[in-house]
Amino acid sequence: MLRSDARDNRNRLLEAARAVFSEHGLDVPMREIARRAEVGPATLYRHFPTKQALVEEAFTDELRACSGIVRAGCADADPWRGLCAVVTRITELNAHNQGFVDAFLSSYPGAVDFAAHRAGMLRSLALLCRRAQEAGSLRADFVLDDLILVFMAGRGLWATPPDVRVAAARRFAALTLEAFRASPAGTALPPPARVARAAVNG
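Note that our numbering numbers the sequence shown so that position 184 is 184, with each residue one more than the last.
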């Protein structure tokens, strides 16, 4: 068990890492995280020997939240409603935390938990999308890669001012879902960009 001072240092490091990763993504040097936490680099590396370990620990709550969003959407008896909830809530999550999006989409080198979590999420979403297509709610030419493109594009929401970021995320999600909705008058799409395999493999 950690002593109280060591536990305090660990908590401060995690809090600083979440803040810095959220603001700037994963490319922030470890020294900057130590500086933000007001501890020395040695203290940081004593608790987190690698950046990978810090990333995984910092985003445990986000991983759990993301998993819950997908689970709830897939459990909805109405697959279109479930898909709408997933797209909207994950887009909002992305808008709040650039670091989590970077880690989740790119799989920080060696972050096995992220890769496994992402692969499982995509398998569940593929089934949900298939159900929505079979119900006639999701356009027939939709492919899972389209959803990955939306999540990738959603990273740009971080560039919006903080006071409008949630509104921008909801608007972006609503526009996306309108594009995904099945419609007799819907125009044909260009060939899909095959990005799902790359997303799964990092």
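Cβ coordinates follow ideal geometry from the N, Cα and C atoms, glycine included. No experiment lies behind these values; they were computed from the predicted model shown.
**Asked** What residue from Gln98, Lys51, Phe100 and Leu128 has the CA that sits closest to isoleucine 29's CA?
**Response** Per the sequence presented here, residue 29 reads as proline, with isoleucine not at that position. Of the candidates Gln98, Lys51, Phe100 and Leu128, the one whose C-alpha sits nearest the C-alpha of proline 29 is Lys51.
**Delimiting residues of the alpha helix (DSSP H) encompassing phenylalanine 21** = Annotation for phenylalanine 21: the continuous alpha helix (DSSP H) segment containing it runs 4-24.
**Asked** Considering only residues of the stretch 79-145, which uninterrupted alpha helix (DSSP H) runs meet the minimum length of 4 residues and lie entirely inside it, listed in chain order?
**Response** DSSP runs (the alpha helix (DSSP H)) wholly in the stretch 79-145: 79-96, 98-106 and 112-134.
**Prompt:** From which residue to which residue does the alpha helix (DSSP H) around leucine 177 run?
**Reply:** Boundaries of the alpha helix (DSSP H) harbouring leucine 177: 165-180, taken from the DSSP string.
**Item:** Distance CB(glycine 154)-CB(alanine 95) smaller than 8 Å
**Value:** Closer than 8 Å, so yes.
**Item:** Residue ranges of each alpha helix (DSSP H) within the stretch 23-81, 4 or longer
**Value:** The qualifying runs are 30-37, 41-47, 51-58 and 60-75.
**Asked** Can you give the Cα-Cα distance for arginine 130 and threonine 176, rounded to whole angstroms?
**Response** Taking the straight line from one Cα to the other gives about 17 Å.
**Request:** With a 10 Å radius around its C-beta and 16 neighbouring C-beta atoms as the bar for buried, classify threonine 91 as buried or exposed.
**Result:** Looking at its Cβ environment, which holds 16 or more other Cβ atoms inside 10 Å, threonine 91 is buried.
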